[in-house]
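K.L.:
Got a structure here, written out as C-alpha coordinates. Questions coming.
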Amino acid sequence: MAPQRRAQKGVFASTYDALTSAENASVVRSIALFGAAVTFLSSSWGEFLVIPSMPLEVVVDE
351 MAPQRRAQKG VFASTYDALT SAENASVVRS IALFGAAVTF LSSSWGEFLV IPSMPLEVVV
411 DE
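Residues in the sequence shown are numbered consecutively from 351, following our numbering.
Structure, rendered in C-alpha coordinates:
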(Lines of atoms letter the chains of each structure in order from A and count residues from 1; the text may use other names and numbers.)
(Lines give C-alpha, C1' and ligand atoms only; values in the text may rest on other atoms or scores of the structure.)
Protein backbone atom coordinates (compact mmCIF):
# COMPACT_ATOMS: atom_id res chain seq x y z
CA MET A 1 0.00 0.00 0.00
CA ALA A 2 1.33 3.46 -0.90
CA PRO A 3 2.04 5.91 1.92
CA GLN A 4 -0.73 8.40 2.53
CA ARG A 5 0.00 12.05 1.95
CA ARG A 6 -1.45 14.77 4.05
CA ALA A 7 -3.35 17.43 2.23
CA GLN A 8 -1.52 20.73 2.21
CA LYS A 9 -3.05 23.53 4.22
CA GLY A 10 -4.77 26.30 2.38
CA VAL A 11 -3.58 29.87 2.23
CA PHE A 12 -5.88 31.07 5.00
CA ALA A 13 -5.08 28.19 7.34
CA SER A 14 -1.33 28.59 6.94
CA THR A 15 -1.61 32.38 7.37
CA TYR A 16 -3.67 31.93 10.52
CA ASP A 17 -1.14 29.45 11.91
CA ALA A 18 1.72 31.86 11.17
CA LEU A 19 -0.06 34.80 12.82
CA THR A 20 -1.01 32.87 15.94
CA SER A 21 2.29 31.10 16.51
CA ALA A 22 4.19 32.02 19.66
CA GLU A 23 7.40 32.91 17.84
CA ASN A 24 5.63 35.62 15.80
CA ALA A 25 3.60 37.08 18.68
CA SER A 26 5.81 40.13 19.25
CA VAL A 27 5.86 41.05 15.56
CA VAL A 28 2.10 40.68 15.20
CA ARG A 29 1.55 42.72 18.38
CA SER A 30 3.87 45.48 17.15
CA ILE A 31 2.15 45.73 13.77
CA ALA A 32 -1.28 45.81 15.42
CA LEU A 33 -0.18 48.55 17.84
CA PHE A 34 1.31 50.58 14.99
CA GLY A 35 -1.93 50.28 13.02
CA ALA A 36 -3.99 51.35 16.04
CA ALA A 37 -1.70 54.36 16.62
CA VAL A 38 -1.93 55.46 12.98
CA THR A 39 -5.70 55.08 13.06
CA PHE A 40 -5.95 57.10 16.28
CA LEU A 41 -3.66 59.89 15.09
CA SER A 42 -5.43 60.22 11.74
CA SER A 43 -8.85 60.47 13.38
CA SER A 44 -10.36 63.51 15.03
CA TRP A 45 -9.39 62.07 18.42
CA GLY A 46 -5.74 62.67 17.56
CA GLU A 47 -6.31 66.42 17.68
CA PHE A 48 -6.55 66.23 21.48
CA LEU A 49 -2.77 65.79 21.50
CA VAL A 50 -2.10 69.01 19.57
CA ILE A 51 -0.62 71.75 21.74
CA PRO A 52 -2.45 75.06 21.34
CA SER A 53 -0.24 77.55 19.52
CA MET A 54 0.73 80.90 20.98
CA PRO A 55 0.45 84.04 18.89
CA LEU A 56 3.74 85.15 17.38
CA GLU A 57 3.42 88.73 18.61
CA VAL A 58 2.70 88.97 22.30
CA VAL A 59 1.95 92.53 23.39
CA VAL A 60 3.00 93.26 26.94
CA ASP A 61 1.45 96.32 28.58
CA GLU A 62 3.85 98.35 30.64
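Even for Gly, the Cβ is constructed at its ideal location relative to N, Cα and C.
#1: Taking the alpha helix (DSSP H) that V377 falls in, what are its first and last residues?
#2: For the alpha helix (DSSP H) that F398 lies in, which residues bound it at each end?
#3: Grouping DSSP H, G and I as helix and E and B as strand, with all else coil, what is S414?
P.N.:
Reading off the structure:
#1: Along the sequence shown, one-based indexing puts residue 377 at 27. Where V377 is concerned, the enclosing alpha helix (DSSP H) stretches over 375 to 392.
#2: Residue 398 sits at position 48 when you count from the first residue of the sequence shown. F398 -> no alpha helix (DSSP H), and no H or E assigned at all.
#3: Residue coverage of the chain in this structure runs from 351 to 412, which leaves residue 414 outside it and unanswerable.
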